[in-house]
Ligand SMILES: [Zn+2]
Ligand SMILES: [Zn+2]
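Structural data, given as structure tokens:
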């Protein structure tokens, strides 16, 4: 029976272009997962959008002397282009600046307020006497009280991942002028997180299937005790607070951005012509909600958002939150401010999407940080994509074109499946289980092992030798190999959608790979093949040096 699956992916801040850390952290795993489930025939809705509020954006706007809306528009379009070119297959990628989003956020805010899960309190807020403004979140910097990092900001410490309140910072300073702030009273709304501690602890009891790092982080966090958190700010950019007297304040970004999963689902439903369809994903018990995020985002998805949903009632909580660890670049921590990053638009201006998708999948930071290096990029492209998989497909297809008039030859056949056929069926089953458990590296490894097995089989049978004296023996060797590449076309489709679609057409199929089902589907004898081009291009070793020289020099633009 078909399952229904909501894939909600982290909302990127529209304050810079996408880099490989984003892709490896959340967007690629989400896309692989969504594509797999679509092939399997499940109902999938994959949504996200630009997070256009929050202090990273207003800070950048102020530093560039622009309006935040201009910054957001620039990067939002860039995101859409990157998804298209990299094959990240969103059903909807929207923004947090829509009227629909504001409406959904305000509904949740008012409902939680009515149920007393949101309350009003006066707080002392850091205020810079020199800049004459309140310093919320990223406008204030200082030391982390948990890990002593000197670089913590008022909303979070990037080094240990803990969310912070500005008052907790050690030796706080204004992010603009460096002045030590004074504290002044300001009226704000608070989310009563403390009321959810026991319910959340009970909820995660049933989450033994979560990744260990996600479960451990969440449990430790809950056991440390939940404190209520302010959810409004003294800023002018964001979703308005729907309460009289709060016109100069906004609902803060970490409260409203997670609501985007719901507002995006509603916007998507509107666009299908059936405005109530979002209910299938949020109110039907059997629907599974997955949130793909980076590890710096765990607390928002396993504690704060579930607490908001528990308070609101009647909507599905996340089923799984397969957070990835971080990607380092050439052995060093990725840093956008220092230009130590590989930008997606830059990459795509020089290379095809599939080799990057391949490397980041094979090396995905699923359980620990992993490293991206250009040397490994070239090696995996040349040794694995070109030499193992691409070469298998190419020699099978060109040999068939040359010796069998470009049509799939008929094997002599027998009732028992060949060992390769048995392998295909097993790999489909095993990969399916891996992918459903979000074990992407393992799944990819199995497909590549099958390609190697098929290469060994071909080398052994050597149809190019036997063709001269025994045409049937050549056909008997070729047919299982054609069957394997036909299976690989589907197995690798979630990872390598562009080359899979090409191979699909070379094999004489029409339509989309996605519609063929997660199962061995092989060409029938006599099926006409298209004249093939190599699926992948060998890269010169000089790429390593050229690309390494760019690192640290290309600042975000
Ligand atoms: Zn810290
Ligand atoms: Zn200042």
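Numbering (this note's numbering), first residue to last: -17 to 539.
Ideal Cβ placement from N, Cα and C applies to all residues, glycine included.
Computed from a predicted model, the values in this text were never measured in an experiment.
Which listed residue (172, 118, 26 and 173) has its alpha carbon closest to that of residue 155 = Here the question's residue 155 lines up with position 173 in the chain shown. Here the closest residue by C-alpha is 118.
query = Per DSSP, residue 306 forms a beta bridge with which residues?
reply = Against the chain shown, residue 306 aligns to sequence position 324. Answer is 276.
request  = Can you tell me which of 54, 453, 533 and 196 puts its alpha carbon nearest to the alpha carbon of residue 319?
outcome  = What you label residue 319 is simply residue 337 of the chain shown in a count that begins at 1. Among 54, 453, 533 and 196, the Cα nearest to that of residue 319 is on 533.
task = Can you tell me the Cβ-Cβ gap for residue 392 and residue 457, rounded? I've got them flagged as a contact below 8 Å.
result = For this step, residue 392 is matched to residue 410 along the chain shown. For this step, residue 457 is matched to residue 475 along the chain shown. Sure, about 6 Å apart at Cβ, within 8 Å.
task = Assign residue 540 to one of two classes, buried (16 or more other C-beta atoms within 10 Å of its C-beta) or exposed (fewer than that).
result = Missing from the structure shown is residue 540; the chain here goes from -17 to 539 and no further.
request  = Keeping to the same chain, check which residues put their C-beta closer than 6 Å to that of residue 354; ignore five residues upstream and five downstream.
outcome  = Reading the chain shown from its first residue, position 372 is the one you call residue 354. So the list reads 2, 309 and 311, once near-sequence residues are dropped.
task = Could I get the ranges of all uninterrupted alpha helix (DSSP H) runs contained in the stretch -10 to 67, with 4 residues as the minimum, in chain order?
result = 10 to 21 and 37 to 46
query = Unbroken alpha helix (DSSP H) runs of length 4 or more, entirely within the stretch 396 to 449: which are they?
reply = 401 to 418, 422 to 443 and 445 to 448
request  = Report buried or exposed for residue 159, applying the criterion of at least 16 other Cβ atoms within 10 angstroms of its Cβ.
outcome  = Translated into the one-based positions of the chain shown, residue 159 becomes position 177. Exposed.
ask   = Nearest to residue 543 by CA position, among 42, 113, 99 and 25, is which residue?
value = For the chain, the structure presents residues -17 to 539; residue 543 sits outside this window and is missing.
query = Short check: CB of residue 129 to CB of residue 137, under 9 Å?
reply = Here residue 129 refers to the residue found at position 147 when the chain shown is read from its first residue. Here residue 137 refers to the residue found at position 155 when the chain shown is read from its first residue. Not in contact: residue 129 and residue 137 (Cβ atoms no closer than 9 Å).
ask   = Who sits around ligand 1, taking every residue whose Cβ is closer than 5 Å to one of its heavy atoms?
value = Near ligand 1, residues with a Cβ at less than 5 Å from any of the ligand's heavy atoms are 126, 128, 129, 131, 139, 141 and 142; the list follows chain order.
message = According to DSSP, is residue 230 part of a helix, a strand, or is it coil?
response = The residue labelled residue 230 in the question sits at position 248 within the chain shown. DSSP places residue 230 in the coil class of the three-state scheme, outside both helix and strand.
query = CA-CA distance, residue 466 and residue 13?
reply = Taking the chain shown and counting its residues from 1, one reaches residue 466 at position 484. Taking the chain shown and counting its residues from 1, one reaches residue 13 at position 31. Taking the straight line joining both Cα atoms gives about 24 Å.
request  = Report the residue from 386, 282, 423 and 329 whose alpha carbon sits nearest the alpha carbon of residue 348.
outcome  = Translated into the one-based positions of the chain shown, residue 348 becomes position 366. Comparing Cα positions, the closest option is 423.
inquiry  = Within 8 Å, do at least three Cβ pairs link the stretch 437 to 448 to the stretch 33 to 45?
reply    = no
ask   = Whose beta carbon lies closer than 5 Å to any heavy atom of ligand 4, going through the chain in order?
value = Questions concerning ligand 4 fall outside what the structure shown contains, since the ligands it does hold are ligand 1 and ligand 2.
message = Between which residues of its own chain and residue 360 is the CB-CB distance below 7 Å, once the five residues before and five after are set aside?
response = Residue numbering aside, residue 360 sits at position 378 when the chain shown is read from its first letter. Here the set comprises 521, 523, 525 and 526.
Which listed residue (408, 344 and 171) has its alpha carbon closest to that of residue 226 = Here residue 226 is taken as the residue at index 244 of the chain shown, counted from 1. Nearest of 408, 344 and 171 to residue 226, Cα basis: 171.
ask   = For residue 346, does the count of other Cβ atoms within 10 angstroms reach 16, so buried, or fall short, so exposed?
value = Locating residue 346 in the chain shown gives position 364, counting from the first residue. Residue 346 should be labelled buried.
message = I'd like the list of long-range same chain contacts for residue 167, defined as Cβ closer than 6 Å, with 5 residues on each side in sequence excluded.
response = Mapped onto the chain shown, residue 167 falls at position 185. These residues qualify, in order along the chain: 104 and 106.
request  = For the alpha helix (DSSP H) holding residue 203, just list the boundary residues, first then last.
outcome  = To locate residue 203, count along the chain shown from 1; it is residue 221. Element bounds for residue 203: 194 to 205.
message = residue 302 and residue 191 - do their beta-carbons sit closer together than 9 Å?
response = To locate residue 191, count along the chain shown from 1; it is residue 209. To locate residue 302, count along the chain shown from 1; it is residue 320. Yes, the pair counts as a contact, with Cβ atoms nearer than the cut-off.
task = For residue -6, collect the residues of the same chain with a Cβ closer than 7 Å to its Cβ; drop the 5 residues on either side in sequence, then sort them by chain order.
result = Sequence index remark: in the chain shown, residue -6 carries index 12 (1-based). Taken in chain order, the residues that qualify are 0, 4, 32, 33 and 61.
Residues of its chain near residue 287, where Cβ-Cβ distance is below 6 Å and the 5 sequence neighbours each way are ignored = Counting from 1 along the chain shown, the entry for residue 287 is found at position 305. In its chain, beyond the 5 residues on either side, 240 have a beta carbon closer than 6 Å to the beta carbon of residue 287.
task = Just the C-alpha distance for residue 367 and residue 82, rounded to the nearest angstrom, thanks.
result = What you label residue 367 is simply residue 385 of the chain shown in a count that begins at 1. What you label residue 82 is simply residue 100 of the chain shown in a count that begins at 1. For residue 367 and residue 82, the distance between alpha carbons rounds to 44 Å.
query = Around the C-beta of residue -17, are 16 or more other C-beta atoms found within 10 angstroms, so that it is buried, or is it exposed?
reply = To locate residue -17, count along the chain shown from 1; it is residue 1. With fewer than 16 other Cβ atoms within 10 Å, it is exposed.
ask   = So residue 304 and residue 11 are in contact, right, with Cβ under 8 Å, and what is the actual spacing, rounded?
value = For this step, residue 304 is matched to residue 322 along the chain shown. For this step, residue 11 is matched to residue 29 along the chain shown. About 7 Å; that satisfies the 8 Å criterion.
query = Does the pairing of the stretch 200 to 207 with the stretch 241 to 261 give three or more beta-carbon distances under 8 Å?
reply = Cβ pair count under 8 Å is below three, so no.
request  = May I ask which residues mark the beginning and end of the alpha helix (DSSP H) holding residue 91?
outcome  = One-based indexing of the chain shown puts residue 91 at position 109. Looking at the DSSP string, the run of the alpha helix (DSSP H) that includes residue 91 is 81 to 96.
ask   = Can you pull the DSSP bridge partners for residue -12?
value = Numbered from 1 along the chain shown, position 6 holds the residue referred to as residue -12. DSSP, once it has assigned bridges, lists 27 and 271 as partnering residue -12.
ask   = Beta carbon of residue 220, beta carbon of residue 232: below 9 Å?
value = Position 238 of the chain shown, counted from the first residue, corresponds to residue 220. Position 250 of the chain shown, counted from the first residue, corresponds to residue 232. Yes, they are a contact pair.
key: Spatial distance of residue 27 from residue 299 (CA atoms)   = Counting from one through the chain shown, the residue named residue 27 turns up at place 45. Counting from one through the chain shown, the residue named residue 299 turns up at place 317. Going by the C-alpha atoms only, they are around 16 Å apart.
task = Less than 8 Å between the CB atoms is what I'm expecting for residue 64 and residue 401, so what's the real figure, rounded?
result = By one-based count along the chain shown, residue 64 stands at place 82. By one-based count along the chain shown, residue 401 stands at place 419. About 42 Å separates the beta carbon of residue 64 from that of residue 401, a gap too long to meet the 8 Å contact definition.
key: Beta-carbon gap between residue 381 and residue 500 smaller than 9 Å   = Residue 381 sits at position 399 when you count from the first residue of the chain shown. Residue 500 sits at position 518 when you count from the first residue of the chain shown. No.
Where residue 542 sits in the DSSP three-state scheme = This structure cannot speak to residue 542, because the chain is shown only from -17 to 539.
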